[in-house]
Amino acid sequence: MDYQAILNIIQKEFKPNRDMGNAANYIPELSKVDPLKFGMYLYCKDGSSYQFGDSQEKFSIQSISKVFTLTLAKELLGKDLWKRVDVEPSGTAFNSLTELEREHGIPRNPFINAGSIVVADALMSTLENPKQDLLKFVRKLCGDDNINFDESVAKSEKKHGYRNKALVNYMKSLGNINNKTETILDFYFHQCSIAMTCEQLTKAFMLYANEGKHFQTQEQVIAPQSVKRINSIMQTCGFYDEAGEFSYRVGLPGKSGVGGGIVAVHPEQYAVTVWSPMLNKKGNSALGMKVLEELTTLTGLSIF
Ligand code: DON
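In structure tokens form, the structure reads like this:
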């Protein structure tokens, strides 16, 4: 497969369409990013890699971080985690409050904000230094120590994060949050603020394309069974109320973030990241969705 030729076609085809949608503005710091940025990086299991555009520039990974925290929490807590968060698609927006009341404070899945906040709470109760331990884990996955929180993004979200505060407090009132609201939000906003390049994200996500093994050292970091489960949740819940649309168009498990990044995984083949900051109405990168649809169309490869 000539992946570089396919990426070149994609770059040429979609570069003129970078201005579809709107960059996230509810986190003011994110609206400072040039909305026309466009990068892509694909890494194959055989060690070959392909890229174009702004693939080496860091951006805010936002909800993509939820995959890392879920992976850590699942390793540390095992099945107990599922007593506090479900694995069903929500069909509602990533920051929705509506189902929580009906479902007694148990979030539908670990990728909506409520679910990831419960995961954050579980990590805070288990890890010695939650923020540093998370960074250490992500750095290890991509074999690169040059990964940090973006303090200005974390601060910006904290200042405007009324919705997430409501989610924590509501779940706390129903007994599904153990730590203090402020400390959980501090951890959650920091996890979302992690800044990474398309290359770094792709390499980290090779874990889910390589049976739980590190892309470089081949160390077994998580069990293949965990990969099956996390990829399944990405497939059904990774794009919130657009999970069906992403699955229909792209045919791969993936995860988006309001920083405009999308990572997708072809198990046993490759991981790929696209970055284009302008978002559609569901909060997913508008161009990123189209690019990945074109990738699986041109390669003729998806999981289905
Ligand atoms: O909690 C929030 O609203 C953001 N820090 C993350 C949301 C997000 O990335 C949704 N994904 N597309």
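Residue numbering for the sequence shown is 4 to 307, as defined by the numbering used here.
By construction, the Cβ of each residue, glycine as well, lies at the ideal position given by its N, Cα and C atoms.
Residue interval of the beta strand (DSSP E) (run including residue i)
{"i": "H163", "result": "Not the beta strand (DSSP E): H163 falls in the alpha helix (DSSP H), residues E154 to H163."}
{"i": "F55", "result": "S52 to G56"}
{"i": "K258", "result": "G257 to S259"}
Residue i: CB within 7 Å of a non-hydrogen atom of the ligand DON
{"i": "C145", "result": "no"}
{"i": "Q238", "result": "no"}
{"i": "G1", "result": "The chain is shown from 4 up to 307; residue 1 falls before or after that span and cannot be answered."}
{"i": "V275", "result": "no"}
{"i": "G254", "result": "no"}
{"i": "F208", "result": "no"}
{"i": "F71", "result": "no"}
{"i": "V121", "result": "no"}
{"i": "N167", "result": "yes"}
{"i": "G215", "result": "no"}
Where the alpha helix (DSSP H) through residue i begins and ends
{"i": "F192", "result": "T184 to S196"}
{"i": "Y6", "result": "Y6 to F17"}
{"i": "E91", "result": "Unbroken run through E91: none, as it is neither H nor E."}
Best match in the options for proximity to residue i [C-alpha to C-alpha]
{"i": "Y243", "options": "K183, S99 and F140", "result": "S99"}
{"i": "R232", "options": "A26, S196 and G215", "result": "G215"}
{"i": "I180", "options": "Q54, L295, L84 and K293", "result": "L84"}
{"i": "I67", "options": "F307, E296 and V275", "result": "V275"}
{"i": "L1", "options": "S279, Q221 and F97", "result": "With the chain represented from 4 up to 307, any question about residue 1 goes unanswered, as that position is not in the structure."}
{"i": "A117", "options": "K134, F17, G260 and R87", "result": "R87"}
{"i": "A246", "options": "F114, N172 and L80", "result": "F114"}
{"i": "L144", "options": "M43, T205 and T302", "result": "T205"}
Identity of the residues DSSP links to residue i by a beta bridge
{"i": "N172", "result": "Its beta-bridge partners do not exist; DSSP assigns none."}
{"i": "A212", "result": "DSSP lists no partner for A212."}
{"i": "W278", "result": "G42 and G264"}
{"i": "Q223", "result": "K216"}
8 Å contact criterion, which residue i and residue j should meet: CB distance rounded
{"i": "L138", "j": "A76", "result": "Not really, about 16 Å apart at Cβ, beyond 8 Å."}
{"i": "G241", "j": "F249", "result": "7 Å"}
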